[in-house]
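The sequence shown begins at -7 in our numbering and counts up by one.
Reading through the C-alpha cells given below for one structure.
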Amino acid sequence: MFSHMRGFASLLTLSILAWSGCSKSPSDDKSDTTTAITVQLDWVAEPEHGGFYQAQAKGFFAEAGLDVTLIQGGPNAFPTQKVAAGQVQFAQADSTNTILAIGEGLPVTQVAAVFQQNPSVLMLHAENPITSFQELEGQTIMARPEWAFLPYLKKKYAIDFQLIPFNFSVSNFIADQNFIQQGFYIAEPFFIEQGGGKKPKFLYAWDAGFDSYVVLVANSEWAKNHPTQTRAFLAAYIRGWDDYLHGDPTPAHELMKTENSNNTDAFLAYSRKMIIDEKLVTGRGPDGGTAKIGQLESARFSTQIDQLESLDILKPKGKLSAEQVMTTEYLGAEIFAE
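Structure below.
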C-alpha cells in the first residue's frame, strides 16, 4: 500500500552521479550464458508488481536466459537513483519524477509502461459534497508535498489549499468524514474498508489533464550496451503481465506473500481486480488491450514536460524533449505474435 510515495530526491543527484562512475553492476559476475538483472521495486511486493512476480514465478525470465532479482522498495527506496548509480539495471517509478531526475542529469531512460495511468488520486469520503477540483479551494489535504500534481492543480484552477504532512496511514481518513488525502486507489480503499470505513470516492489526476505513467526505468548505458537482454527482459515482463491479468495469478501471489508477509489473499485479489477493472495495464482508450501492455507514447511525455516547465519545476524551458526521457526501441511487436 501507499505505493505513490516515491519521492524525487534531487539532493541525491550529485552523489548518485559520482557513484555511477564506479558502481559495480550486479550482472558483472554472471556467466556468458545467463544475464543477471536486478530490479528495484518502488514499494513492497504487491499486485502493482504483478508482471514481475508472475514472470519470475512461472519462469518467463529464466526462459529468456535472465537471472532476475527483485528488490522490494519502500518510502526511501530511491529506485531511479539506484538505476542511475548502476546498482540495479531497472526500476519501477513514476514518470513525472523520472523526467525530473533526467532533467537533473541522471543517466536513465524510461523503456516501458507499468500502468498506462498513475493510480495516485485524491481520496474523499463518499458523503463529501466536493465533486470537482475547483471545490478544493480552502480545503486541507494530506499529501506528499513533492507531488507535482499539487502545484499543477493550484495553477490550473486558480485555487489554494493547505497541505499537511503525509503519515503513511489511513487512520485520519477513517476518523474524519471531511478528510482528504492522497492515495493509491488500488490499495488504500481496501484498508479503509478493513478499518471500518466506507469505500472512498476519488478525484483522478488524469481528469485534470495530469496524465502520468508508472514506468520501467533503465540505466541508459546498460540498455545501450545490452539491447538483446533489455528486449528479452521487457518481453518476459510483458508476458508476465498478460499472464497475471488473464490467467491464474496464484504463482505471483504466492511469491508476493513469501516476499511480503503483510499480504493477504483478500488484499491481493482486491488489488488485482482493481488493476483489471480500471484497465491500468492495458489502457482505457479505444486502442487499449493486450497489445497496449508496456507501450509508451512520446506525445504524452511531451505534454508532461510542458506541464513541468510551466510550473517552473523543470528548468530551463526547452531543456528536454520526449526522445531524451523515453524510448520504445526495446519494445518488440513480436511479443504477442503467438
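Virtual Cβ for every residue (Gly too), placed ideally from N, Cα, C.
Of the residues the options, the one placed nearest residue i, counting alpha carbons only
| i | options | result |
| --- | --- | --- |
| LEU33 | GLY51, ALA167 and VAL75 | VAL75 |
| ASN255 | PHE153, HIS41 and SER87 | HIS41 |
| PRO137 | ILE63, GLN154 and TYR262 | GLN154 |
| THR333 | THR90, GLY188 and THR101 | Because residue 333 is not part of the residues shown, which for the chain are -7 to 330, the question remains open. |
| ASP298 | LYS284, GLU38 and LEU92 | LEU92 |
| GLY239 | VAL36, VAL209, ASN164 and GLY43 | GLY43 |
| PRO67 | VAL36, GLY51 and ALA210 | VAL36 |
| SER124 | LYS216, ALA224, HIS245 and ASP199 | ASP199 |
| LEU31 | GLY65, PRO39 and GLU129 | Note on residue identity: the sequence assigns Val, not Leu, to residue 31. Of the listed residues, the one whose Cα sits closest to VAL31 is GLY65. |
Residue range of the beta strand (DSSP E) that includes residue i
| i | result |
| --- | --- |
| MET134 | 132 to 134 |
| MET115 | 112 to 116 |
| GLU283 | Here residue 283 turns out to be Ala, not Glu, going by the sequence shown. It is not in any beta strand (DSSP E) - ALA283 carries neither H nor E in the DSSP assignment. |
| THR30 | 27 to 32 |
Through-space distance from residue j to residue i, alpha-carbon basis
| i | j | result |
| --- | --- | --- |
| TYR196 | THR26 | 42 Å |
| SER(-5) | GLY201 | Residue placement at SER(-5) cannot be trusted, given a pLDDT of 40 that sits under 50; the coordinates are not used to answer. |
| TYR322 | GLU213 | 14 Å |
| GLN287 | THR132 | 36 Å |
| ASP20 | ALA28 | Any reading at ASP20 must be qualified, since the residue scores a pLDDT of 47, below 50, and its modelled position is unreliable; the value itself is stated next. Taking the straight line from one Cα to the other gives about 8 Å. |
| THR88 | GLY78 | 21 Å |
| VAL80 | ALA69 | 12 Å |
| GLY275 | ASN159 | 31 Å |
| ALA85 | THR72 | 7 Å |
| LYS311 | ASN252 | 40 Å |
| TYR205 | ALA104 | 10 Å |
| ASP349 | ILE151 | Outside the modelled stretch of the chain, which goes from -7 to 330, sits residue 349, for which no answer is possible. |
| THR90 | LEU300 | 12 Å |
| SER290 | GLY188 | 43 Å |
| GLY95 | ALA167 | 40 Å |
| GLY280 | LYS249 | 30 Å |
| PHE194 | ILE267 | 15 Å |
| PRO99 | ASN211 | 6 Å |
| TYR149 | SER302 | 14 Å |
| PHE186 | TYR262 | In the sequence as presented, Phe is not what sits at residue 186; that position holds Gln. Distance between the alpha carbons of GLN186 and TYR262: 12 Å. |
| ASN120 | ALA83 | 37 Å |
| SER163 | ALA140 | 25 Å |
| GLY97 | TYR177 | 32 Å |
| ASP304 | LEU145 | 14 Å |
| LEU306 | THR319 | 20 Å |
For residue i, the first and last residue of its enclosing alpha helix (DSSP H)
| i | result |
| --- | --- |
| THR242 | 242 to 251 |
| ILE297 | 290 to 302 |
| SER263 | 257 to 269 |
| GLN316 | 314 to 317 |
Open item on the list: When you compare the region 98 to 113 with the region 46 to 63, are there three or more beta-carbon pairs, one atom per stretch, that lie closer than 8 Å?
Closed with: Short answer: they don't touch.
TODO: Could I get the ranges of all uninterrupted alpha helix (DSSP H) runs contained in the region 178 to 219, with 4 residues as the minimum, in chain order?
DONE: 180 to 186 and 212 to 217
Open item on the list: Does the contact criterion of 3 or more C-beta pairs under 8 Å hold for the region 274 to 294 versus the region 126 to 141?
Closed with: no
Task: Start-end ranges of the beta strand (DSSP E) lying completely within the region 38 to 107, minimum 3 residues - done: 58 to 63, 82 to 86 and 100 to 107
Task: Ordered list of alpha helix (DSSP H) runs contained in the region 121 to 173, each at least 4 residues - done: 141 to 149 and 163 to 167
Open item on the list: Between the region 173 to 186 and the region 224 to 239, can you find at least three pairs of beta-carbon atoms closer than 8 Å?
Closed with: no
Open item on the list: I'd like to know if the region 222 to 229 and the region 42 to 51 are in contact, where contact means that at least 3 CB-CB pairs between them fall below 8 Å.
Closed with: yes
TODO: Evaluate the contact criterion for the region 115 to 125 versus the region 159 to 176: three or more CB pairs, one atom per stretch, below 8 Å.
DONE: By the Cβ rule, the region 115 to 125 counts as touching the region 159 to 176, because three or more pairs are nearer than 8 Å.
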